[in-house]
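See below for the structure under consideration.
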Amino acid sequence: MGLAKVANSVQGSIINNTMSNNKVLQTLCNMGILASEVTYALASKLDRSVPAPTSRIDRIVMESRNQSEKNEVPNEKKTAIVTGANSGIGFETAKALGRAGFHTILACRSVEQAKEAVERLERQTGLEERFEVMALDLASLESVNTFVEQFKARDCSLDVLVNNAGLMMSPYGKTKDGIELQFGTNHVGHFALTTGLLDNLKRAEDGARIVVVSSMAAFMTPEISYEGIELESKYNKTTNYAISKLANMTFARALARKLEGSQVTVNVVHPGSIATNLTRHIGTSGIQHAAENAMLLDVSAGALTTVYVAMSPDVEGESGMFYSRCLQMDMHPKALDLAEQDNLWAYTEKVLAEKTKSK
Numbered sequence: 038m039g040l041a042k043v044a045n046s047v048q049g050s051i052i053n054n055t056m057s058n059n060k061v062l063q064t065l066c067n068m069g070i071l072a073s074e075v076t077y078a079l080a081s082k083l084d085r086s087v088p089a090p091t092s093r094i095d096r097i098v099m100e101s102r103n104q105s106e107k108n109e110v111p112n113e114k115k116t117a118i119v120t121g122a123n124s125g126i127g128f129e130t131a132k133a134l135g136r137a138g139f140h141t142i143l144a145c146r147s148v149e150q151a152k153e154a155v156e157r158l159e160r161q162t163g164l165e166e167r168f169e170v171m172a173l174d175l176a177s178l179e180s181v182n183t184f185v186e187q188f189k190a191r192d193c194s195l196d197v198l199v200n201n202a203g204l205m206m207s208p209y210g211k212t213k214d215g216i217e218l219q220f221g222t223n224h225v226g227h228f229a230l231t232t233g234l235l236d237n238l239k240r241a242e243d244g245a246r247i248v249v250v251s252s253m254a255a256f257m258t259p260e261i262s263y264e265g266i267e268l269e270s271k272y273n274k275t276t277n278y279a280i281s282k283l284a285n286m287t288f289a290r291a292l293a294r295k296l297e298g299s300q301v302t303v304n305v306v307h308p309g310s311i312a313t314n315l316t317r318h319i320g321t322s323g324i325q326h327a328a329e330n331a332m333l334l335d336v337s338a339g340a341l342t343t344v345y346v347a348m349s350p351d352v353e354g355e356s357g358m359f360y361s362r363c364l365q366m367d368m369h370p371k372a373l374d375l376a377e378q379d380n381l382w383a384y385t386e387k388v389l390a391e392k393t394k395s396k
């Protein structure tokens, strides 16, 4: 059994106990998830029998290009959107999509940083006019709606959508529309973006893929606490991050169900514990950052599963699945619950309706 299968198997055993009402057991399970993440990251760096993440990404890019020759539409005439693509996993994902031939849009809050990212991408890939910047602030429904309107005005299909951007364990705050910041950015913004672009996704002749970047952190909460989202007094930056990641997972599963019979697939990924600027709100020192870089996966390893699910022929036709380390594993039980899916969908639509109406 390979290292990735062992890690997923261990985490699967731990996850089976995370739904317990016993707070002590929940805490121990959460610690077990974190410990297994670090152990895998360290072991994978020492395991020379496994190809480097960059080599594996190269292979996926080549497989996608080969498949492109057999498709109705070549990759060079397809479009991909990656949110939060100016750095980290999003940057590496955008690079892989561009190398595979996709016209790749970096959907980012900071246009200036995204333009700098495009310059780096062009230098690193030697590809010109393959990457494009569009402004997108997921913490502003006005920005999301503007992005959707601008893309729809192109009257083209969308072939790959990677919902990558997010906040992690930030201090309490609210989006520009008054929604708790982590839930509003990680879930509500992406919900509005994805549902707004569904018509374009459905137009993709070879089918379209939606990749939702969630996290094993979703298993660190037994459920989506709507009280925890709405009341500042109930806010806990770790728990609320977990809630937002469980919302990502639940939304993806619900959307996959609604899209059954179409050529649009939706899958969820856990990128792994990565040393990126996503951890900027945790407050680590220089020594801690050095320890993170030593113990956690690098961005190429973190982007690997996202790239795999976005492009690999192996995932063709799969929908409503959860991938970790390029392997399927069980979802959070609440994400599989149809009533929970419907509750989250209705709650999110209600929030969107209220915030849009108040403008």
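The sequence shown lines up with residues 38 to 396 when you count with my numbering.
Note that the Cβ used here is the ideal one computed from N, Cα and C, for glycine as well.
Rounded separation between residue i and residue j - CA only
i      : j      : result
ALA176 : SER50  : 36 Å
TYR263 : PRO370 : 17 Å
LEU315 : PRO90  : Since pLDDT at LEU315 reaches only 49, below the 50 mark, its modelled position is unreliable, and the value read off the structure follows with that caveat. Using only the alpha carbons, I get a separation of about 20 Å.
ILE324 : ALA241 : Unreliable placement is indicated for ILE324, whose pLDDT of 47 sits below 50; no coordinate value is reported for it.
GLU109 : LYS115 : 11 Å
HIS318 : ALA284 : A caution first: HIS318 carries a pLDDT of 47, below 50, which makes its placement in the model unreliable, though a value can still be read off. The straight-line gap from Cα to Cα measures roughly 21 Å.
VAL388 : PHE288 : 15 Å
SER398 : MET368 : Absent from the structure is residue 398, since the part of the chain shown begins at 38 and ends at 396.
VAL338 : SER73  : Note that residue 338 corresponds to Ala in the displayed sequence, not to Val. Going by the C-alpha atoms only, they are around 16 Å apart.
ILE52  : LYS60  : 14 Å
GLY354 : MET257 : 30 Å
SER251 : ALA372 : 12 Å
GLY221 : THR120 : 15 Å
GLY320 : PRO259 : Below a pLDDT of 50, predicted positions are generally treated as unreliable, and GLY320, at 49, falls in that range; no measurement from the model is reported.
PHE184 : SER92  : 34 Å
ALA327 : ALA122 : Because the pLDDT of ALA327 is 49, which lies under 50, any placement of that residue in the model is unreliable, and the number read from its coordinates should be weighed accordingly. In a straight line, the C-alpha of ALA327 is about 24 Å away from that of ALA122.
VAL225 : VAL301 : 20 Å
PHE359 : ALA293 : 12 Å
ARG157 : GLN150 : 11 Å
SER349 : SER101 : 6 Å
GLU159 : GLU129 : 13 Å
HIS140 : GLN63  : 44 Å
VAL346 : TYR272 : 33 Å
ALA390 : ALA383 : 10 Å
VAL148 : VAL181 : 14 Å
LEU204 : ASN277 : 11 Å
ALA154 : GLN48  : 35 Å
TYR351 : SER270 : With the sequence shown as reference, residue 351 is identified as Asp, and Tyr is not the correct amino acid for it. Cα to Cα, the separation comes out at about 46 Å.
SER299 : PRO111 : 20 Å
From the options, residue whose alpha carbon lies closest to that of residue i
i      : options                           : result
ALA172 : ALA80, SER281, GLU186 and SER299  : GLU186
SER281 : MET366, LEU235, PHE288 and ASN223 : ASN223
VAL249 : LYS239, ASN304, LEU283 and VAL197 : ASN304
LEU218 : LEU268, ALA390, GLY39 and ALA44   : LEU268
ASP374 : LEU40, SER194 and ALA291          : ALA291
LYS189 : GLU100, GLY127, LEU234 and LEU296 : LEU234
ARG146 : ASN103, ALA202 and GLN161         : ALA202
ALA340 : VAL352, CYS363 and ASP351         : CYS363
LEU40  : SER356, SER105 and ALA78          : ALA78
GLY138 : GLU106, THR343 and ILE261         : GLU106
MET253 : VAL344, ASP95 and PRO308          : PRO308
MET286 : THR76, VAL43, LYS394 and ILE247   : ILE247
VAL344 : SER46, ILE118 and THR76           : ILE118
Secondary structure of residue i, DSSP reduced to three states
i      : result
HIS140 : strand
LEU315 : Note that LEU315 has pLDDT 49, beneath the 50 cutoff, so the model's placement of it is unreliable and no number is given.
LYS211 : strand
MET99  : helix
GLU159 : helix
LEU375 : helix
GLU217 : strand
THR258 : coil
VAL110 : coil
VAL75  : helix
ALA190 : coil
ASN53  : coil
TYR272 : coil
THR385 : helix
LEU40  : helix
MET206 : coil
ARG240 : coil
PRO88  : coil
ARG146 : coil
LEU296 : coil
Strand pairing of residue i, partner residues [DSSP]
i      : result
ARG246 : VAL197 and THR302
SER168 : Residue 168 is actually Phe in this sequence, not Ser. PHE168 is bridged to THR141.
HIS400 : Outside the shown range of the chain (38 to 396) lies residue 400, about which nothing can therefore be said.
ALA117 : THR141 and VAL197
LEU334 : ILE311
MET366 : PHE359
Residue i CB to nearest heavy atom of the ligand GTP below 8 Å
i      : result
ARG146 : Absence of the ligand GTP from the depicted structure is noted, as is the absence of any ligand whatsoever, leaving it without description.
With a threshold of 8 Å, are at least 3 pairs of Cβ atoms found where one atom belongs to the segment 372 to 385 and the other to the segment 128 to 145?
no
May I ask you to verify whether the segment 227 to 239 touches the segment 181 to 197, counting CB pairs closer than 8 Å and requiring at least 3?
yes
Taking contact to mean 3 or more Cβ pairs, one atom from each stretch, closer than 8 Å, check whether the segment 332 to 342 and the segment 78 to 94 are in contact.
yes
Determine, using beta-carbon pairs with one atom in the segment 157 to 171 and one in the segment 205 to 219, whether at least three such pairs fall under 8 Å.
no
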